[in-house]
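Everything on this sheet refers to the single structure shown next.
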Ligand code: ATP
Ligand code: MG
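Residue numbers (UniProt numbering): 29 to 699.
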């Protein structure tokens, strides 16, 4: 009876309940933003464990980001206090794929310590292969190869189907790129899903094993799955097809990364017994916000008919601010935010500032800092992309996998140990002839006739050091070993020798932060350094942030998907930024509109939009128009700020007002 109480007591409406109780066949929950789709997933997991006595290890929930995975884990734990969730899988497709690949490495002809390369590393490899190409060409090739991979097209098929000469050249490059990755015992992000899928496709006994393990699949943000991810879902679901996919076609914003809304139709075609449930009540936003969102998205062609309504009151008017330029916009938004917080006695964490592109963040960061407002940023330059963090991760990668040439090159030259570009090139030529890795080449007798003796000795000494670390990595606690690694590298000294003192200090603080965090993670998850290395590759900065910190969220619209905030500032709502300048020519306006829809529907209680009359582009000023999307949001908007150019006097008066205002607020600042 006690368990029965769970499903009765949970706040769920009738269609949500129906979705949760539907266990035996495939289910699609198709519904608009804020209608409780993610809630269906968390409650269904609790229902499966509490009432159906399913082992947590037989359940896998797939989320779109690591942050979403962690949030989901927390919510589920709260639904079932005291219950062990040991073995429950909550991860992204990529993390799940990485886990499968780790366990099946041998069958995929990889060693267990294989390296996971990020987009930057892969771009570097392609750059090497395309010697005379410029950066844009290399990027274009990378995009093309990634799309092939996501469509499960291998290099031979790509070459066969290639029409134009350039396509054929890219297909040949694709083949070379794959050979290089395998030679490094490395995989890229696309492989994390592609390789397991190929394995499941060709090895029925492996497939059966995973199907037996993951018996209940739940996929959030289904509209943004690509072909390869869909294939993984389909294979794992098998003939039993006990899966729940939830999604919203109006929030599909990753087409540029190969996501395909067509997967919604495929589901209906591939699973004729598919049950579809729609949710229509929005529990997140005020009526005004919801109406604006509905009105905007009505300008897109409809795939599926959906209605959304809310019982929340009308709420505050949506404000649209015209700003002079980017600096003014940042000033205004931060001032509004502080005033609002002061009046409403809210927390900083109730606010989000959302924008289209990362470059927009800088002005806001600066303003927030000047006003001593704590903030966290997501979707920006990842912590893990910083040079100092990449230096350390390259050491870790090399310790886990000697064949990882890109890691070898970075580690052996950072800090400098007398091994220069010429040596690496000479070693590379020899390694190429012998078809072995740089690391292995350094230890061969044959290398002696190719490489300067002193430098070769230095490379060997380095190799011995790495091997010593590797043999200890499997046994010793990660934290202590990392400390030792840093010490033996003399990394701190090197930073202070090679950078400005302030820069070195900040870099060293990042390294300390990273190492401390890795050590704790190692303890918590009982992982050694080799195992941690692979998880690092899959983690984004947000995982590192203290989730409970009271801080304003800065995020790109893409990174904000699935999240909700009491008060939202959508900034830079101009033609050229949103919709993005290239979108029109490429026929992607509908996708930009969905991005705007995602932004609007993040807000629970209040929404502010802003746009700038002019923006600096390089050295030039460009005048801007408000985005067409503002006009598409219906009539219930409040427009503020004028087109009047401010005189210097106006500016001075504005600054004085701002100073007064800040003085007034400073009493309330509890930072
Ligand atoms: P998105 O499309 O943005 O991902 P979603 O459909 O996943 O949205 P949720 O995040 O699950 O929506 O829910 C939105 C908000 O509504 C959450 O705060 C959730 O707790 C709340 N909610 C959902 N269903 C109910 C319900 N039946 N009763 C009360 N609150 C609910
Ligand atoms: Mg959701």
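Every residue gets a Cβ at the ideal spot worked out from N, C-alpha and C, and that includes glycine.
By the 16-neighbour rule on beta-carbons within 10 angstroms, residue 80 is exposed. Relative to ligand 1, the beta carbon of residue 465 is positioned no closer than 7 Å to any heavy atom.
Residue 654 has 602 as its beta-bridge partners, per DSSP. Residue 634 places its beta carbon less than 8 Å from that of residue 344. Distances from the CA of residue 287 to each of 319, 86, 449, 218 were compared; the closest alpha carbon is that of 218. Set against 7 Å, the gap from the CB of residue 65 to the closest heavy atom of ligand 2 is smaller. Restricting attention to beta strand (DSSP E) runs no shorter than 3 residues, the region 111-159 encloses them at 117-120, ordered along the chain. Closer than 7 Å to some heavy atom of ligand 1: that describes the Cβ of residue 39.
Taking residue 263 as reference, the option from 117, 413, 227 with the minimal CA-CA separation is 227. With a cut-off of 7 Å, the C-beta of residue 590 is classified as near ligand 2, since at least one heavy atom of the ligand falls inside that distance.
Taking a contact as a CB-CB distance under 8 Å, the pair residue 221 and residue 566 does not count as one, their CB atoms being some 12 Å apart. If you look at residue 493, you'll find it in the alpha helix (DSSP H) that goes 481-501.
In the three-state scheme derived from DSSP, where H, G and I count as helix and E and B as strand, residue 290 is classed as helix. Relative to ligand 2, the beta carbon of residue 219 is positioned no closer than 7 Å to any heavy atom. Here residue 90 carries a strand assignment [DSSP, helix/strand/coil].
Annotated three-state conformation of residue 583 is strand, per DSSP. Residue 252 has its Cβ no nearer than 7 Å to any heavy atom of ligand 2. With 16 or more other CB atoms across the displayed protein chains lying within 10 angstroms of its CB, residue 176 is buried.
Counting C-beta pairs with one atom in each stretch, the region 83-100 and the region 305-317 have fewer than three that are closer than 8 Å, which means they do not touch. Taking a C-beta distance under 8 Å as the contact criterion, residue 350 and residue 639 qualify as a contact pair. With fewer than 16 other Cβ atoms from the protein chains shown falling within 10 Å of its own Cβ, residue 515 counts as exposed. Residue 642 sits in a strand when the DSSP states are folded into three classes. In the structure shown, residue 648 adopts extended strand secondary structure according to DSSP, grouped into three states. Per DSSP, residue 57 lies in no alpha helix (DSSP H); the unbroken beta strand (DSSP E) holding it starts and ends at 55-59. Here residue 136 really is in contact with residue 223; their C-beta atoms are around 5 Å apart, less than 8 Å.
Across the set 173, 429, 188, 123, the C-alpha of 123 shows the shortest separation from the C-alpha of residue 92. For the 8 Å CB-CB criterion, residue 277 and residue 292 form a contact.
Judged by DSSP in its simplified three-state form, residue 106 adopts helix.
Residue 64 sits buried, since 16 or more C-beta atoms from the chains shown fall within 10 Å of its C-beta. By the 16-neighbour rule on beta-carbons within 10 angstroms, residue 348 is buried.
DSSP places residue 380 in the uninterrupted beta strand (DSSP E) bounded by 379-383. Residue burial is scored here from C-beta neighbours: residue 446 has fewer than 16 other C-beta atoms within 10 angstroms and is therefore classed as exposed.
Per the coordinates, the alpha-carbon of residue 484 lies some 50 Å from the alpha-carbon of residue 610. By the CB criterion at 8 Å, residue 54 and residue 269 fall inside the cutoff. Going by beta carbons, residue 582 and residue 560 fall outside the 8 Å limit.
According to DSSP, residue pairing for residue 347 in a beta bridge involves 636, 666.
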